[in-house]
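First residue of the sequence shown: 180, per the working numbering; consecutive thereafter. Every residue gets a Cβ at the ideal spot worked out from N, C-alpha and C, and that includes glycine. As structure tokens, the structure follows; a few thoughts come after it.
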Amino acid sequence: MNNNSLLIVLSGPSGVGKGTICKKLLSERPNIKLSISATTRSPRPEDTDGVTYYFKTEDEFKRMIENDEFMEWAVYNNKYYGTPKKAVFDQLENGYDVILEIDAQGALNLKEKYPEAVYIFIAPENTDVLYERLRTRGTESEDEIERRVKAAQWELSQKDKYDHIVINKVVDDAALDIINIINTRRNAL
Ligand code: 5GP
């Protein structure tokens, strides 16, 4: 790993706005790259294969697990999600900071293996509003929505295990908080 490169792990419940914050960070900091995960979930209208995710069949994903291609992987909402190892290490080697936007199971597994990474939890300002938003999102079935709400409740219960908690009240402020965390960590390297 390049000595000055940082691995930044961002988690937070579904619907909290992690994606928007990541976009903001990437647009403000060309030195940050976002890791593209592999998943077995179906693409949504906003997804593009190879850009938002690498969409895989379950067999393909399991083969990647067997070949030890993941830094971490987890089952979320009955689907597999994983971080391909090689791309992340290549970017770190090339001097980029890399963000992983992953669920709390994956993040906390990773924390055992890579304690030197920066672990940031994005929390909502108001949990009831978050649950309501998840219920009315409309792109998923009732079962899926309830699973997502349960997963969000569990994710929130894990927040104290992270190095930092950032509350997403205003996206620009949350992104700035994260940039400050990154700068502080880099100065300590
Ligand atoms: P979504 O299906 O809404 O895109 O993502 C569902 C959850 O999976 C989100 O919490 C997202 O952060 C997480 N996720 C995305 N990629 C990965 C990954 O590579 N590993 C793990 N553990 N979680 C991921």
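Three-state class that DSSP yields for residue i in the structure shown
i, result
"residue 367", "coil"
"residue 235", "coil"
"residue 187", "strand"
"residue 297", "strand"
"residue 288", "helix"
"residue 339", "helix"
"residue 210", "coil"
"residue 321", "helix"
"residue 200", "helix"
"residue 358", "helix"
"residue 306", "helix"
"residue 281", "coil"
"residue 215", "coil"
Cβ pair residue i, residue j closer than 8 Å
i, j, result
"residue 193", "residue 260", "no"
"residue 334", "residue 296", "no"
"residue 262", "residue 206", "no"
"residue 276", "residue 361", "yes"
"residue 270", "residue 212", "yes"
"residue 200", "residue 301", "yes"
"residue 256", "residue 314", "no"
"residue 344", "residue 338", "yes"
"residue 350", "residue 203", "yes"
"residue 342", "residue 293", "no"
"residue 285", "residue 331", "no"
"residue 219", "residue 245", "no"
"residue 251", "residue 281", "yes"
For residue i, the residue or residues it bridges with in DSSP
i, result
"residue 263", "249"
"residue 255", "258"
Cβ separation of residue i and residue j, assumed to be a contact under 8 Å, to the nearest whole Å
i, j, result
"residue 264", "residue 249", "6 Å"
"residue 279", "residue 189", "7 Å"
"residue 226", "residue 233", "Incorrect: roughly 11 Å between the Cβ atoms, too far for contact."
"residue 368", "residue 183", "6 Å"
"residue 340", "residue 287", "6 Å"
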